[in-house]
Each structure stands twice: as structure tokens, then as C-alpha cells.
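Taking my numbering, I'd label the letters of the sequence shown as residues 505 to 765.
In what follows, a single structure is set out as C-alpha cells and then discussed.
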Amino acid sequence: MNQLSKRLAAIAAQVKLGSRLADIGSDHALLPAHLALSGKIARGIAGELNKGPLEAAKRQIAAAGLGSVVEARLGNGLDVLEPGEADTVTIAGMGGALIAEILEAGRVKGKLGGVRHLILQPNVGEQMVRSWLRRNGWLLVGEEILEEDGKIYEILSAYPAAEAEGGAAAEAELYRERELAGFGAVSEADWLVFGPYLLKRAEPAFVEKWRRESAKLERVAQSMESSELEESRQKRLKVLEEMKRLKELMACLQKDKPLFN
Numbered sequence: 505m506n507q508l509s510k511r512l513a514a515i516a517a518q519v520k521l522g523s524r525l526a527d528i529g530s531d532h533a534l535l536p537a538h539l540a541l542s543g544k545i546a547r548g549i550a551g552e553l554n555k556g557p558l559e560a561a562k563r564q565i566a567a568a569g570l571g572s573v574v575e576a577r578l579g580n581g582l583d584v585l586e587p588g589e590a591d592t593v594t595i596a597g598m599g600g601a602l603i604a605e606i607l608e609a610g611r612v613k614g615k616l617g618g619v620r621h622l623i624l625q626p627n628v629g630e631q632m633v634r635s636w637l638r639r640n641g642w643l644l645v646g647e648e649i650l651e652e653d654g655k656i657y658e659i660l661s662a663y664p665a666a667e668a669e670g671g672a673a674a675e676a677e678l679y680r681e682r683e684l685a686g687f688g689a690v691s692e693a694d695w696l697v698f699g700p701y702l703l704k705r706a707e708p709a710f711v712e713k714w715r716r717e718s719a720k721l722e723r724v725a726q727s728m729e730s731s732e733l734e735e736s737r738q739k740r741l742k743v744l745e746e747m748k749r750l751k752e753l754m755a756c757l758q759k760d761k762p763l764f765n
């Protein structure tokens, strides 16, 4: 059995003991197999979109002797599930837009029935995932950020807001506008971009992620500098403004004092 990467180990750590897990886009069923071998899950479903990865997942399950606990299924997103089959869903290693699309399709088809915990790891576009959760009655209860092999990953954990402690009041408090010393007001839109838990902690991996984003924006601005098109000029001004705001945020996060009142 292959050892989990740092990223997958962080996801595994968030799965609750006794969970019935559905891992969507399972990548050789590494996560459900590991959790089954450790006795952490009662049942696991490894969902794969294509036959190649499906067969690889089946081989992994068979080699680990987990056929009675973990099952690999072929299907698109949450289509591999029947309502009530799983109480925990993990989706990792995809873009945020695709994760939101999978969740929305699952919501429309009733596939999220019985699911009480979402653990999501978008490679990019984390804002889209947070926005989907916010719009669809899921309360973000935790966020983690880590760096592995030069890449930075965010892991989001959410419960149904109606069943979570504090419910609607907790969600309103999570996204409420606050003042960041030396920066100004942080709005709901900002929380969705940066992550309410991540921004408040401002760990080194978080600061590094947004330093990289600022450098990327600077390169984009430079590439448009010589263009005489009005559309490019306006886009460059917008990029420069975003870059300026990010640099101001980074400067605030470097200070050794509480970020928020």
C-alpha cells in the first residue's frame, strides 16, 4: 500500500471515524483504501470517470484485500452515489469550477441526500467552491493550507448549515465585514477569495501563496504594458489595482500584531 502524500494525509485526517465515504475522482482509490486499512471508515466508494483509472482503483482495492469495504464505481461525479449511501464526500485535485459543477449536479439530482460532511481540495479557484457552499446551505467549518513539492493546496471542510452548531448565525459571523489594521474593510467577497479561517491565521503557506499571486499579476501587467488597445489598457489598470491591494494585504500580514479586532 503506497503511503499517502502530505496533501492526501491532511484530507484523511479530517474524515471522521466510522464515516461512509465517497471519494470522487479517487486516483487509484488511495484515500479510501488507506482509511479502510486504518479502520477509520465503515465503507468507501471510489468514484472514477474513466475506465483506466477505474481498473487501477479495482486493482488497488483487491491488492489490499479490501473488496468487502471499498468499492470502485464508474460514473460522472456524484452519479456514482445513491442518496443516503455516503455521509462524507471528498473531492480533491480538481479545479474549483469543476468541483462546484460536480456539487451542483449532485444537488440537483439529490445525490447529496444523507451527506453531512464535505472535504474539498481545489487546485485552483477556491473562491468558486466557497461561493457554492455559501449559496447552497453549507457552512464552512474549517480550512487548511499546506505546501508540498512546491505547490500550495487549500483543503475546505463544510457541514450542512442547518445542522451545524450556530447555524445561520455562525455563517453570518464567518463572513461579516471586519477591519484589518492598515488595510481597511474586509468584505464577504474578500473572505470568499482568501478564506475566512486562512486569512485570520495568515500562516506562512498562505502568505507565500498570495505573494506568488501578486508576482503573477505583475507579469501579466508587464505583458500588456506595450499594448495600445483601450481594452488592454483598462484590463492592465484593473490588474495593477488588484496587485496593489494584494501587496498592501501582504504588508499587513507581516506585522507582529493581531490582524482583526
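For every residue, glycine included, the Cβ atom is placed at its ideal position computed from N, Cα and C.
Annotated as proximal: Ala601 and Gly629, with beta-carbon spacing under 7 Å. By the Cβ neighbour-count rule, Ser509 is exposed, with fewer than 16 other Cβ atoms within 10 Å of its own. Using a Cβ distance threshold of 7 Å, Leu637 and Val593 do not count as a contacting pair. For Glu717, the closest alpha carbon among the candidates Ile515, Ala516, Arg682 and Arg749 is that of Arg749. Under DSSP, Lys615 forms no beta bridge with any residue.
The shortest C-alpha to C-alpha distance from Leu678 to any of Arg634, Ile656, Ala719 and Tyr657 is the one to Arg634.
For the pair Glu552 and Leu534, the CB atoms are not nearer than the 7 Å cut-off.
The region 563-570 and the region 511-527 do not touch, with fewer than three beta-carbon pairs separated by less than 8 Å.
For Tyr657, the enclosing beta strand (DSSP E) begins and ends at Lys655 to Pro664.
For Asp694, the enclosing alpha helix (DSSP H) begins and ends at Glu692 to Phe698. Under the criterion of beta carbons closer than 8 Å, Met747 and Lys739 do not qualify as touching, at roughly 12 Å. By the C-beta criterion, the region 557-564 is judged not to be in contact with the region 651-661, since fewer than 3 inter-stretch pairs fall below 8 Å. Within the model, the alpha-carbon separation for Leu541 versus Tyr657 is close to 25 Å. Listed in chain order, the non-local C-beta contacts of Ala709 below 8 Å within the same chain comprise Ile649, Leu650, Glu651 and Ile656, local neighbours out to five positions each way being set aside. Out of Gly618, Lys544, Lys613 and Glu735, the CA that lies nearest to the CA of Pro664 is found in Gly618. Ranking Lys520, Ile528, Gly529 and Leu539 by CA distance to the CA of Gln507 puts Leu539 first.
In the three-state reduction of the DSSP assignment, Ser523 falls in the strand class. Looking at the backbone, the Cα of Ala725 and that of Leu733 are separated by about 14 Å.
In the DSSP annotation of this structure, Val724 is not part of any beta strand (DSSP E); the continuous alpha helix (DSSP H) holding it starts and ends at Pro708 to Ser727.
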